[in-house]
Amino acid sequence: MKLSDKDFEVLRDFIYNHCGIYFHTSKKYFLESRLARRIEVTKVAGLTGYLALLKSGAGRSEELTRLLDEVTTNETCFFRNPPQLKALETVFLPEIIATKGKIGFRKLRIWSAGSSSGEEAYTMAMMLLEKRATVLKDWIIEIVGTDINETVLAQAREGVYNSYAVRNTPEFYLKKYFREEAGGRFVLSPEVKKLVSFNHLNLYEDAKMVFMKSFDFIFCANVLIYFDLASKTKVVQHFYNNLQPYGYFFVGQSESLHGVNDKFKTIHFPGGFAYKK
Ligand SMILES: C[S@@+](CC[C@H](N)C(=O)[O-])C[C@H]1O[C@@H](n2cnc3c(N)ncnc32)[C@H](O)[C@@H]1O
Numbered sequence: 211m212k213l214s215d216k217d218f219e220v221l222r223d224f225i226y227n228h229c230g231i232y233f234h235t236s237k238k239y240f241l242e243s244r245l246a247r248r249i250e251v252t253k254v255a256g257l258t259g260y261l262a263l264l265k266s267g268a269g270r271s272e273e274l275t276r277l278l279d280e281v282t283t284n285e286t287c288f289f290r291n292p293p294q295l296k297a298l299e300t301v302f303l304p305e306i307i308a309t310k311g312k313i314g315f316r317k318l319r320i321w322s323a324g325s326s327s328g329e330e331a332y333t334m335a336m337m338l339l340e341k342r343a344t345v346l347k348d349w350i351i352e353i354v355g356t357d358i359n360e361t362v363l364a365q366a367r368e369g370v371y372n373s374y375a376v377r378n379t380p381e382f383y384l385k386k387y388f389r390e391e392a393g394g395r396f397v398l399s400p401e402v403k404k405l406v407s408f409n410h411l412n413l414y415e416d417a418k419m420v421f422m423k424s425f426d427f428i429f430c431a432n433v434l435i436y437f438d439l440a441s442k443t444k445v446v447q448h449f450y451n452n453l454q455p456y457g458y459f460f461v462g463q464s465e466s467l468h469g470v471n472d473k474f475k476t477i478h479f480p481g482g483f484a485y486k487k
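The opening residue of the sequence shown carries number 211 in our numbering; numbering runs sequentially from there.
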């Protein structure tokens, strides 16, 4: 399926206006191949028919959901960013526990925004479970994973992974929190799954973003790399608003908010940095 430059722009703008993901012209081939697949499955009459289908229905059409499932990149794994996790465990978490402990508010709220199939959120859950008997005794822990892609959200809720997903998982966690089954299936323990809920959320949808309130830690790693400056700026402002005054915001290892948001303060740690209000 070949797209004219004009048609490519129509489709690109449609996706961008809905979810902030910006496809550069160099991604034309990628969009063409995904689009061809959807046109074949839906049996509509070419691009014109497909665009009509996309725009049909109020709000998020069924076909738009399927298209976004095709065009989002969902690469992730457990324990993806070790320096960040170490800083969180040794510095940021103890700091937040002390601050909230002092005011008698024993509840932690963590958000994995663009959670994909759940590995980032579950990594946090396992790390916090290790503190259940000590510093987090009697604390309420709420971890929320959100994504725009329904297919990966279903995988996250199922909690069954392959060996590639757990390749960076320390042996200790692998033995304690997974059951290895035949065929290289790693089934996450119910104890971990219980701490996390997964919801559909489009980070570009202001009306929904304003309700994601009062988080102590927000992760939005390897998501904003697919956005352009304007859509990044808009989404990051929501994270700023939704973070507690003492909370921390984390992006991916090779990302930064330079030129995107100048309200956040940069907090350096060995091997990376976090953001704070
Ligand atoms: C590469 S994965 C990152 C997963 C995980 N955060 C990590 O760092 O390993 C990017 C995820 O962001 C999601 N995503 C992209 N645009 C989004 C949007 N507008 N709203 C919500 N999720 C989005 C994709 O569906 C995908 O699952």
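Cβ coordinates follow ideal geometry from the N, Cα and C atoms, glycine included.
If you're wondering where the values come from, they're calculated on a predicted model, not measured in any experiment.
Under DSSP, Ile231 forms a beta bridge with Phe437. Here Ile313 is exposed. Its C-beta has fewer than 16 other C-beta atoms within 10 Å. C-alpha of Gly394 to C-alpha of Arg377: approximately 12 Å in a straight line.
Within the model, the alpha-carbon separation for Ser243 versus Glu280 is close to 10 Å. When only Cα atoms are considered, Gly355 and Ser236 end up about 31 Å apart. Short note on Ser326: C-beta closer than 7 Å to some heavy atom of ligand 1. Ranked by Cα distance from Lys475, the first of Leu453, Phe224, Gly481 is Leu453. The residue among Lys212, Asp472, Gln463, Leu221 with its C-alpha nearest the C-alpha of Phe483 is Gln463.
DSSP assignment within the region 279 to 359 yields the following whole beta strand (DSSP E) runs of 3 residues or more, N-terminal first: 317 to 323, 350 to 357.
For Asn432, the shortest separation between its Cβ and any heavy atom of ligand 1 lies below 7 Å.
If you look at Tyr485, you'll find it in the beta strand (DSSP E) that goes 482 to 486. Taken through DSSP and simplified to helix, strand or coil, Pro400 comes out as helix. Spanning the alpha carbons of Phe224 and Lys347 requires a straight line of approximately 48 Å. Residues Arg222, Ile225, Leu241 of the same chain have their beta carbon placed closer than 7 Å to that of Phe233, with the five preceding and five following residues left out of the count.
Following the DSSP letters along the chain, one finds Phe240 inside the alpha helix (DSSP H) bounded by residues 238 to 252. In this structure, the straight-line span from the alpha carbon of Ile307 to that of Lys253 is close to 55 Å.
Excluding five sequence positions before and after Arg248, the CB atoms of its chain that fall closer than 8 Å to its own CB belong to Tyr260, Glu273, Arg276, Leu277, Glu280, given in chain order.
Around the C-beta of Thr300, fewer than 16 other C-beta atoms lie within 10 Å, and the residue is accordingly described as exposed. For Pro455, the CB contacts under 8 Å within the same chain, skipping 5 residues up- and downstream, are Lys487 in chain order.
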